[in-house]
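Asker: If you're matching positions, the sequence shown starts at 3 in this note's numbering and goes up one per residue.
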Amino acid sequence: MNKKKICIAITVLLLVLSGCFMNNKKEKTPQPAIDKMTIYIASDIHYISPELTDNGLFFTDLIESADGKAMQYIEEITDAFADRMIASKPDAVILSGDLSFNGARESHEKLTEKLREISDAGIQVLVIPGNHDLYSKTAARFSGDGYTLVESVDADGFLEYYHSFGYDRALDRDENSLSYTYELSPEYLLLMVDVNTDKSPGILTEETFDWVKAQLSDAKNSGKKVIAVSHQNVLAHNSIFIDGFVMGGYERLCSLYEEYGVLLNLSGHMHIQDIKTSDKGFTEVATSALSVSPFQFGVLDIEGNTLDYRTETLSFPHYEEAKQFMWDVSYRKAQEGLPEGSSELYEYIADLNTAYFSGHKDEIRWNDDIYEKVCKNNAFYGLYLKSIKDNGLMDETKCTLPNLT
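Structure follows, in structure tokens:
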């Protein structure tokens, strides 16, 4: 073979080998640019499998003395939510934790069956766990006037059920938590931050903080806009709802989000619909619990450089009864806390509490005389009412973040 033929043969061989290596490399298929997206957000479903409760005496007493979750209607609520998602066909559905009532494995299994109906309709479902979902010591089956403990799940068990709801398509995952990133579009990155670990529950660990910082740095370098999601809050929405509500290390994370220009954080946990903006302009929307009246979820419209958030309410057969349940719970708690009060006082507090949880603080009719009576008889109730007023009696169900760059 002459020298010229040898050179040609070598060149062809190199091209073939180069082609083989290129074909073996997994290259990400670029997504088309999207001018508009609609994302639905729900939090705190607290789903319980119907096989885990007979709605007997113990379970009924439990929910009637709790925080107004309409657990007796949770099957209707969850089914109505799935049907609404399938009918509305958003670009994605985000569930920001407390997917289950008490972390029971069977509840996770049944819920994922319902979520699969949404994903089978071509809608991406994206989840993170909440404090009720993992390592639960109270996962139980309720029957008659008692209960028996049942199996919960750990992080691996959670992934066993929810791997197809965000994790399988994650751009990156944190090794120390169930945090991950997800590309909503070539322009927008979703940062899902989990702090519900076994060793440091509710606390943003150093390792996860470093991972978050690395993701934000990468996003900045690639020109992506970031929307964050967490279960626990990153901002304090109420002066008396801090410990146990905001995540440990929230100030540090908030500063990091401000530094990197995170557009918005979507959270839940409080069961209260509320919008808070930091002094430096970082905004967090806490979406109220889907399991609590008025059974609403968030809608985030992304168009151009504008984010529009609003709430929408579910409809289901026993909606009115479930709505009344929240009011009745608020009334009874007012009676217990203010035994010397009147029906007028209890009704006022029940109206105020349900308006506060719904995010419609603009509907609260502030009454100084009632407030003074409450303060004299129960200091905590007085502090609670004051904290609501001090945050401003405004509509917390919608906001617009314009001119995002």
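We treat Cβ as the ideally placed atom computed from N, Cα and C, and that holds for glycine.
(1) Determine the extent of the alpha helix (DSSP H) in which Lys-378 is found, giving its start and end residues.
(2) Exposed or buried, which one is Ile-41 when buried takes at least 16 other CB atoms within 10 Å?
(3) Would Ala-288 be called buried (16 or more neighbouring beta carbons within 10 Å of its own) or exposed?
(4) For Leu-354, which residues of its own chain have a beta-carbon under 6 angstroms away from its beta-carbon, when the five flanking residues on both sides are left out?
(5) Go ahead and pull the three-state DSSP assignment for Ile-79.
(6) Taking the alpha carbon of Asn-393 as the point to measure from, which residue in Trp-329, Ser-257, Lys-363, Ala-94 has its own alpha carbon closest?
(7) Round the Cβ separation of Thr-315 and Pro-296 to the nearest angstrom and send it over; I've been treating them as touching at under 8 angstroms.
(8) Got a sec? Which residues, its chain only, sit under 7 angstroms from Ser-222 by beta carbon, not counting five neighbours each side?
(9) Alpha helix (DSSP H) containing Gly-300: first to last residue?
(10) At 4 residues or longer, and completely inside the segment 177 to 230: list those alpha helix (DSSP H) runs for me, N to C.
(11) Please go through the same chain and pick out, in chain order, the residues whose beta-carbon is closer than 6 angstroms to the beta-carbon of Lys-38, but skip the five residues on each side of it.
(12) Are the CB atoms of Thr-114 and Tyr-1 within a distance shorter than 8 angstroms?
(13) Using 8 angstroms as the threshold, is the C-beta distance between Ser-154 and Tyr-182 below it?
(14) On the DSSP letters alone, give me the boundaries of the beta strand (DSSP E) that Ala-336 sits inside.
(15) What number of angstroms, rounded off, separates the C-alpha of Lys-139 from the C-alpha of Thr-199?
(16) Can you pull the DSSP bridge partners for Ile-277?
(17) Give a yes or no on whether the C-beta atoms belonging to Asp-100 and Ile-47 are separated by under 8 angstroms.
(18) Do the segment 116 to 133 and the segment 82 to 96 make contact, defined as three or more Cβ pairs closer than 8 angstroms?
(19) If we count Cβ pairs, one from each stretch, closer than 8 angstroms, do we get three or more for the segment 215 to 232 versus the segment 262 to 280?
(20) For Lys-391, name the three-state secondary structure that DSSP assigns.
(21) If distances are taken between C-alpha atoms only, which option among Val-248, Leu-192, Thr-285, Gly-70 comes closest to Pro-203?
(22) Confirm, please, whether the CB-CB distance from Glu-108 to Ser-51 is below 8 angstroms.
(23) Quick check on the burial criterion: 16 or more other C-beta atoms within 10 angstroms. Buried or exposed for Leu-255?
(24) Quick one: Cα of Glu-66 to Cα of Val-331, how far?
(25) From this set, Asp-176, Ile-79, Ala-141, which residue's C-alpha is nearest Phe-318's C-alpha?
(26) Would you tell me roughly how many angstroms separate the C-alpha atoms of Asp-81 and Glu-374, rounded to the nearest one?
(27) Please report the straight-line C-alpha distance between Thr-399 and Val-294, rounded to a whole angstrom.
(28) Output the residue ranges of the beta strand (DSSP E) runs that lie fully inside the segment 73 to 128 and measure 3 residues or longer, sorted by chain position.
(29) Taking the alpha carbon of Phe-103 as the point to measure from, which residue in Gly-132, Leu-117, Lys-116, Val-95 has its own alpha carbon closest?
(30) Please state whether DSSP places Asp-174 in a helix, a strand or coil.
(31) What's the gap between the Cα of Asn-369 and the Cα of Tyr-348?
(32) Evaluate Gly-105 with the Cβ neighbour count: other Cβ atoms within 10 Å of its Cβ, from every protein chain shown; 16 or more gives buried, anything less gives exposed.
Answerer: Taking the coordinates as given:
(1) Along the sequence shown, read from residue 1 onward, the residue named residue 378 stands at position 376. Lys-378 -> alpha helix (DSSP H) spans 370 to 379.
(2) Translated into the one-based positions of the sequence shown, residue 41 becomes position 39. With 16 or more other Cβ atoms within 10 Å, it is buried.
(3) Here residue 288 corresponds to residue number 286 of the sequence shown, with the count starting at 1. So Ala-288 ends up on the buried side.
(4) Position 352 of the sequence shown holds residue 354. Ile-366.
(5) What you label residue 79 is simply residue 77 of the sequence shown in a count that begins at 1. Helix at Ile-79.
(6) The count along the sequence shown starts at 1 and reaches residue 393 at position 391. Per the Cα distances, Lys-363.
(7) For the purposes of this step, residue 315 is identified with residue 313 of the sequence shown, where counting begins at 1. For the purposes of this step, residue 296 is identified with residue 294 of the sequence shown, where counting begins at 1. Yes, Thr-315 and Pro-296 are in contact; Cβ-Cβ is about 5 angstroms, under 8 angstroms.
(8) Against the sequence shown, residue 222 aligns to sequence position 220. Strictly speaking, residue 222 in this sequence is Lys, with Ser absent from that position. Answer for Lys-222: Tyr-262, listed in chain order.
(9) Taking the first residue of the sequence shown as 1, we reach residue 300 at position 298. Segment 298 to 305 is the beta strand (DSSP E) holding Gly-300; no alpha helix (DSSP H) there.
(10) 208 to 223
(11) If you number the sequence shown from 1, residue 38 lands on position 36. Taken in chain order, the residues that qualify are Glu-305.
(12) Beyond the ends of the chain as shown, which are 3 and 407, falls residue 1; an answer cannot be given.
(13) Counted from its first residue, the sequence shown places residue 154 at position 152. Counted from its first residue, the sequence shown places residue 182 at position 180. No, the pair does not count as a contact, with Cβ atoms beyond the cut-off.
(14) What you label residue 336 is simply residue 334 of the sequence shown in a count that begins at 1. No beta strand (DSSP E) contains Ala-336, which is instead part of the alpha helix (DSSP H) from 321 to 339.
(15) Stepping through the sequence shown from its first residue, residue 139 is reached at position 137. Stepping through the sequence shown from its first residue, residue 199 is reached at position 197. About 14 angstroms.
(16) Taking the first residue of the sequence shown as 1, we reach residue 277 at position 275. According to DSSP, Ile-277 bridges with Val-287.
(17) By one-based count along the sequence shown, residue 100 stands at place 98. By one-based count along the sequence shown, residue 47 stands at place 45. Cβ atoms of Asp-100 and Ile-47: closer than 8 angstroms.
(18) yes
(19) yes
(20) As a working mapping, residue 391 is identified with position 389 in the sequence shown. Lys-391 falls in the helix class under three-state DSSP.
(21) Residue mapping note: residue 203 aligns to position 201 of the sequence shown, counting from 1. Here the closest residue by C-alpha is Val-248.
(22) Here the question's residue 51 lines up with position 49 in the sequence shown. Here the question's residue 108 lines up with position 106 in the sequence shown. Yes.
(23) Within the sequence shown, the letter at position 253 stands for residue 255. Burial call: buried.
(24) Position 64 of the sequence shown, counted from the first residue, corresponds to residue 66. Position 329 of the sequence shown, counted from the first residue, corresponds to residue 331. Cα to Cα, Glu-66 sits roughly 6 angstroms from Val-331.
(25) Within the sequence shown, numbered from 1, the residue matching residue 318 stands at position 316. Answer by Cα proximity: Ile-79.
(26) Numbered from 1 along the sequence shown, position 79 holds the residue referred to as residue 81. Numbered from 1 along the sequence shown, position 372 holds the residue referred to as residue 374. Taking the straight line from one Cα to the other gives about 44 angstroms.
(27) Your numbering for residue 399 matches position 397 in the sequence shown. Your numbering for residue 294 matches position 292 in the sequence shown. Rounded to whole angstroms, Thr-399 to Val-294 spans 15 angstroms at the Cα level.
(28) 94 to 98
(29) Counting from 1 along the sequence shown, the entry for residue 103 is found at position 101. Ranking Gly-132, Leu-117, Lys-116, Val-95 by Cα distance to Phe-103 puts Gly-132 first.
(30) Here residue 174 refers to the residue found at position 172 when the sequence shown is read from its first residue. In this structure, Asp-174 counts as strand in the three-state DSSP scheme.
(31) By 1-based counting over the sequence shown, the position of residue 369 is 367. By 1-based counting over the sequence shown, the position of residue 348 is 346. Using only the alpha carbons, I get a separation of about 13 angstroms.
(32) Your numbering for residue 105 matches position 103 in the sequence shown. By the neighbour-count rule (16 or more Cβ atoms within 10 Å), Gly-105 is buried.
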